[in-house]
Amino acid sequence: MNWVSFVALFFVTWWLVLFAVLPFSLRTQDEDKDVTLGTVSSAPKGPHMLRAAIRTTVVTAIVIGIFYGLTRGIGFGFDDIPHIVPDFTHTAGR
Numbered sequence: 003m004n005w006v007s008f009v010a011l012f013f014v015t016w017w018l019v020l021f022a023v024l025p026f027s028l029r030t031q032d033e034d035k036d037v038t039l040g041t042v043s044s045a046p047k048g049p050h051m052l053r054a055a056i057r058t059t060v061v062t063a064i065v066i067g068i069f070y071g072l073t074r075g076i077g078f079g080f081d082d083i084p085h086i087v088p089d090f091t092h093t094a095g096r
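Quick note: the sequence shown, position 75, residue 77 per our numbering, numbers continuous.
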């Protein structure tokens, strides 16, 4: 895998993991009993985006490491996944 593909894969995976990590350890204003006027009670008290970005980077590095280990170390690829849809190309000429 060249470095451009690696960066693209890391970028896409990072954004997907970010949305999975954001809700963890989030405290709402209602939980702290300190609702700011003009906001809903479910608004986050402190989003802690730097902490979320660090967690996202760590989880993404682990996921990319597992992917790299499976594809380069073991040699697992898309051809190793069984096809769900049957192949009807051999009956196309009938």
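The C-beta atom is built at its ideal place from N, Cα and C for all residues, glycine as well. Computed from a prediction, not measured in an experiment: that's the story for all the values here.
| Item | Value |
| --- | --- |
| Where F26 and N4 are concerned, what is the direct C-alpha to C-alpha distance, given to the nearest angstrom? | 33 Å |
| If we ignore side chains and look at the alpha-carbon of each, how far apart do G79 and T30 end up? | 43 Å |
| The alpha helix (DSSP H) with L20 in it runs from where to where? | W5 to V23 |
| So, under 8 Å CB-CB, T58 and L28 are touching, yes? Tell me the CB distance rounded to an integer number of Å. | About 14 Å; that fails the 8 Å criterion. |
| Answer yes if the stretch 63-72 comes into contact with the stretch 82-94, meaning at least three C-beta pairs across the two stretches below 8 Å, and no otherwise. | no |
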